[in-house]
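J.:
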Amino acid sequence: MTFKSCKIALFKEYLAGAQLCSIGCLRDTANQDEIDNFLRIETNKGVINFYVLGTNPITNNDEDYLKYDHFNLFSLYDDLAILDKIVLRGENISDFEVCFETDGGELVGIGFSAANASYRTVFAHDEILLTIDSSTSLIDNVAEHLQHLPLSRLEVISVA
Numbered sequence: 759m760t761f762k763s764c765k766i767a768l769f770k771e772y773l774a775g776a777q778l779c780s781i782g783c784l785r786d787t788a789n790q791d792e793i794d795n796f797l798r799i800e801t802n803k804g805v806i807n808f809y810v811l812g813t814n815p816i817t818n819n820d821e822d823y824l825k826y827d828h829f830n831l832f833s834l835y836d837d838l839a840i841l842d843k844i845v846l847r848g849e850n851i852s853d854f855e856v857c858f859e860t861d862g863g864e865l866v867g868i869g870f871s872a873a874n875a876s877y878r879t880v881f882a883h884d885e886i887l888l889t890i891d892s893s894t895s896l897i898d899n900v901a902e903h904l905q906h907l908p909l910s911r912l913e914v915i916s917v918a
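For the sequence shown, my numbering gives the first residue as 759, with consecutive numbering after it.
#1: Quick one, are the C-beta atoms of I781 and I799 less than 8 Å apart?
#2: Can you tell me which residues form a DSSP beta bridge with D898?
#3: Quick check on the DSSP output: the alpha helix (DSSP H) that includes S763 runs from which residue to which?
#4: Mapping DSSP to helix, strand and coil, what is L887?
#5: Using CA atoms only, rank isn't needed, just tell me which of N899, E859, F769 and L865 is closest to G804.
#6: Alpha carbon to alpha carbon, what distance is there between L865 and Y826?
#7: Rounded to whole angstroms, what is the Cα-Cα separation between L907 and A901?
#8: Can you tell me the Cα-Cα spacing of F870 and I890, whole angstroms?
#9: Buried or exposed, going by whether 16 or more other CB atoms sit within 10 Å of the CB of G863?
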């Protein structure tokens, strides 16, 4: 199984067709900084935590690949807390898409709709950018933020 097929299977299990509960980030409670290389999506099926290049708050290691874990962060670090940016209860996720860079198969974005809004997430090297924007497609949003990748090197896959 390839990286791409593993990610798609994960998204099908935890996100596609699920009910969105919240979207959040991590906050360092000691100095109130948001940790911009982390994103947490909670659904009625479970929680997916995303990290990108930089210091992983769980392992304190630098990692050069997208990683996901399924466990609660509250019990691991007293000085890290989840800061929910968006809280929705019972809103179904639809139109779920993933965007990969075609040459290396790297996951560079995800997008979905819930509660009459379109959520676009771009994994931009060392940070995760979350926007709520229905005016642009996922591939256009990724191309705008990752200008080193032309549209010809991006592939969008619908996850049902």
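Built from N, CA and C at the ideal position, the CB exists for glycine as well.
T.: Result, derived from the coordinates:
#1: yes
#2: According to DSSP, which records beta bridges pairwise, D898 is partnered with nothing at all.
#3: F761 to Y772
#4: Correct three-state label for L887: strand.
#5: F769
#6: With a pLDDT of only 42 at Y826, under the threshold of 50, the placement of this residue in the model should not be trusted; the figure read from the coordinates follows. So the alpha carbons of these two residues sit roughly 12 Å apart.
#7: Here the alpha carbons of A901 and L907 stand approximately 6 Å from one another.
#8: 10 Å
#9: exposed
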